[in-house]
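Protein sequences appear in the order of chains A and B. Just so it is clear: in the first sequence, position 144 is 144 by UniProt numbering, and no numbers are missing. Just so it is clear: in the second sequence, position 304 is 304 by UniProt numbering, and no numbers are missing. Written out below as structure tokens is the structure these notes cover.
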Amino acid sequence: MYIVLFIIVVAIWAFVDGVVLDYYFAERFWYSPITAPPGSRGLLPPVGITNEYGTGTWAHPLGTDHRGRDILVRLVYGSRIAIQIGIVATGVGATLGTIIGAVSGYYGGWIDDVLQRTVETFYAIPFIVLMIAIMSAFGRGLWIAIVGVSVITTPIFARLIRSEVLSVREEEYIEAAKAAGVRDRNIIRRHVIPNSLAPVLVQATLQIGVNILIVAALSFLGFGAQPPTPSWGAMLAQSRTYMLPDPWFSVWPGLAILVTVVGFNLVGDGLRDAFDPRLND
Amino acid sequence: MSDTPLLKVENLKTQFFTEAGTVRAVDGVSFTVERGEIVGLVGESGAGKSVAVRSILRLIDSPGHIVGGEITFDGKTVVGFEDEPGTDGEPTRREEMLTNTEMRSQIRGSEIALIFQDPMESLNPVFTVGGQLRELIELNRGLSKQAARDRAIEILREVGIPQPAERFDDYPHQFSGGMRQRVLIAMALGCEPKLIVADEPTTALDVTVEGQILDLVYDLQDKYDASFLWVTHDMGIVAEICDRVNVMYLGEVVERASVDDLFYNPQHPYTEALLNSIPRPDQSTEDLQPLEGAMPEPINPPSGCRFHDRCPEAREVCQRTHPDLRTVTEAGQYAACLKHDAFEAAYETSRPLTDESPAAGGDRRE
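Written as structure tokens, this is what we have:
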């Protein structure tokens, strides 16, 4: 049920993002990310159109920010970045982690030791510290953030799938495949990974929410997407100064993060129920 | 080539190095399989049968290791160790022993196929039955996808799957146990191996299906001219399909005979005991004489003859002297028991250990 609900929400959101942002808002405010000509001021409004701290008008339903930019437009555009980072970083992390964990669990021995100790080392460092270190070394920006979040996501999946592989590799069909002369890499690809994937899919869905939160936190600290790109975390950070005169400025991006993260968590819960029938009882 | 056996196992030793000590799961086993022959390997649970056949395919996982002996298959050395250990005390591999890669590409699946005990667990649940069979044929025979698919459907028909083209895209859970065992036999035959090793393939099936499977194996063996090494603990199956039988006890072969000699004239007390524990139509269950006790741990086998503490015919000399496998009858039957003259072990003059074996199964037998 959660899944159906979530799909409906995503569909509405896609409609808002695609139709409303590109046509409706573009017509009205001239600065849709798609209709804005390359190299132009993009999401910055033309000088003169401001509605400082204004709220609840038909022209700006959620008001404008300190630079007179429409909050709703930035919120909708920020959802692209949040989802992009959430899905890409989780996808990369889950893929890498699955490969590392499967190889590690299947072979065991010193390969397992080396891979697991490496992975655990990354796991042991607090993720914010690790991310800040990565971004200090390689620079700030959206793509660096995605790479960084992928790196800190990988160990979670590596450890998760390894534990699953440890039991799958003892299954008789794995031994049957060995006896039939199948190469190790094909056994891992065709037999081990497909049979250990269910918890990874659940974890991946949950992890998208977590990663959106991480990136929002980084943006809040100024390490994520750089202005004028509208990211939810950065909007929150900017709104701090205006908390007293315009509290709604803080509420909207916070609400956006909350709804998205809770949404992905509910999908993850739904998937877990679907994959593990025992939990239904 | 034709006068050398297809598979020759000589003095094979496979040991597991555990924290509790070295488990001598297979301790000096020798047997042969000729071309076109069905050879049985019989014994109780824990006798080392499965370890022996997995050693033939070199599928022993750590902490297990093949530590000695020689296995030749069709002119290739699957396992070959020097008689003398190397300078570091470890067994030395001979030059001609196949590498792991050669084992995988030349032997496993394509030359020797293995059929497992539990058909429920031996198929990958996430892929279709046909897909798995097709992939195997494609890999080992180098056929195109379509040709492999056609061949897979043909084999499924041969092993008695009705409507094979329709069942091709079904998943393993949609097949019954007997059907899955047929699929596994199809997988084994798919690459037309010279030897098929069947590790208790009918244990998990009911008796009717077991009969059907045995018939099927008999027919297919004629057609494909494959040899079988049939591992089982069921003497009924042995009587039905095997040409020759090796009886294993605690990691050793204790008797080797043709199937008729074994049933009518067993030469080892263990074989006799096994035969006495089978229900027969002319006896009531009270007449059954199950073998007393359990097999000792192979980690610390009994001294002398390993069977002496359960043997109804054991004598004092059996505790001291370990018998090897020798020819004991003119028909060429082999047994490892000191009671035979071939051993010259003063068995007749030795004191019987009757007080230690209350079962005394051998004496009450007709």
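Beta carbons: idealized from backbone N, C-alpha and C, even for Gly. What you are looking at is a predicted structure, and each value in this text was computed from that prediction instead of being measured.
Gln15 (chain B) has B:Arg24, B:His65 as its beta-bridge partners, per DSSP.
Contacts with chain B at 8 Å (Cβ-Cβ) include Asn195 (chain A). Using a Cβ distance threshold of 8 Å, Val23 (chain B) and Ile71 (chain B) do not count as a contacting pair. Only buried fits Ala25 (chain B), as 16 or more other CB atoms lie within 10 angstroms of its CB. Residues of chain A with a Cβ closer than 8 Å to the Cβ of Ser105 (chain B) are, in chain order, Gly181. Inter-residue distance for Ser105 (chain B) and Ile134 (chain A) is about 45 Å (C-alpha atoms, whole angstroms).
For Asp65 (chain A), no beta strand (DSSP E) segment is defined, and its DSSP state is neither H nor E. Distance from the CA of Glu90 (chain B) to the CA of Gly64 (chain B), rounded to the nearest whole angstrom, comes to 14 Å.
For the segment 159-190 of chain A, the residues whose beta carbon sits under 9 Å from a beta carbon of chain B are, in order, Glu171, Glu172, Tyr173, Ile174, Glu175, Ala176, Ala177, Lys178, Ala179, Ala180, Gly181, Val182, Arg183, Asp184, Asn186, Arg190. Asn11 (chain B) and Thr95 (chain A) have their alpha carbons spaced roughly 47 Å apart. Collapsing the DSSP output to three states places Thr260 (chain A) in a helix. Positions of the alpha helix (DSSP H) runs, each at least 4 residues long and wholly inside the segment 164-248 of chain B, are given as 164-167, 177-190, 207-224, 235-241 in order along the chain. Per DSSP, reduced to three states, the secondary structure at Met135 (chain A) is helical. Looking at the DSSP output, Glu255 (chain B) shares a beta bridge with B:Val247, B:Ala335. For Val103 (chain A), the secondary structure class from DSSP, reduced to helix, strand or coil, is helix. A residue is called buried once 16 or more other Cβ atoms fall within 10 Å of its Cβ, and Gln174 (chain B), having fewer, is exposed.
With a threshold of 8 Å between beta carbons, Met187 (chain B) makes contact with chain A.
In terms of CA proximity to Val328 (chain B), B:Glu255 leads the group B:Pro125, B:Arg351, B:Ile112, B:Glu255. Distance between Ser30 (chain B) and Ala47 (chain B), taken at the CA atoms: about 14 Å. Leaving aside the five residues that flank Lys223 (chain B) on each side, none in its chain has a CB nearer than 7 Å to its CB. Residue pairing by DSSP places Ile71 (chain B) opposite B:Val9, B:Val79 in a beta bridge. For Ala237 (chain A), the enclosing alpha helix (DSSP H) stretches over residues 232-239. Measuring C-alpha to C-alpha distances from Arg58 (chain B) to each of B:Pro172, B:Glu102, B:Glu135, B:Arg151 identifies B:Glu102 as the nearest. Proximity of chain A to Leu59 (chain B) at the Cβ level (cut-off 8 Å) is accounted for by Glu175, Lys178, Ala179, in chain order. The three-state reading of DSSP puts Val39 (chain B) in strand, counting E and B together. Residue range 112-115 is occupied by the beta strand (DSSP E) that includes Ala113 (chain B).
In this structure, the CA atom of Leu221 (chain A) is about 32 Å from the CA atom of Ile161 (chain A).
Residue environment: Asn186 (chain A) is assigned as exposed (fewer than 16 neighbouring CB atoms within 10 Å of its CB, all protein chains considered).
The three-state secondary structure of Thr32 (chain B), taken from DSSP, is strand. Contact annotation, Leu123 (chain B) with Tyr173 (chain A): C-beta distance approximately 6 Å; criterion of less than 8 Å satisfied.
Contact annotation for Leu123 (chain B) against chain A: Tyr173 [CB-CB distance below 7 Å, chain order].
Under the three-state reduction of DSSP output, Pro352 (chain B) falls in the strand class. Between Thr205 (chain A) and Leu271 (chain A), the C-beta gap is smaller than 8 Å, which places the two residues in contact. Met97 (chain B) is bridged by DSSP to B:Thr77. Taking a cut-off of 8 Å on C-beta distances, the segment 202-211 of chain B does not touch the segment 134-150 of chain B, as fewer than three cross pairs fall below it.
Contacts with chain A at 8 Å (Cβ-Cβ) include Arg108 (chain B).
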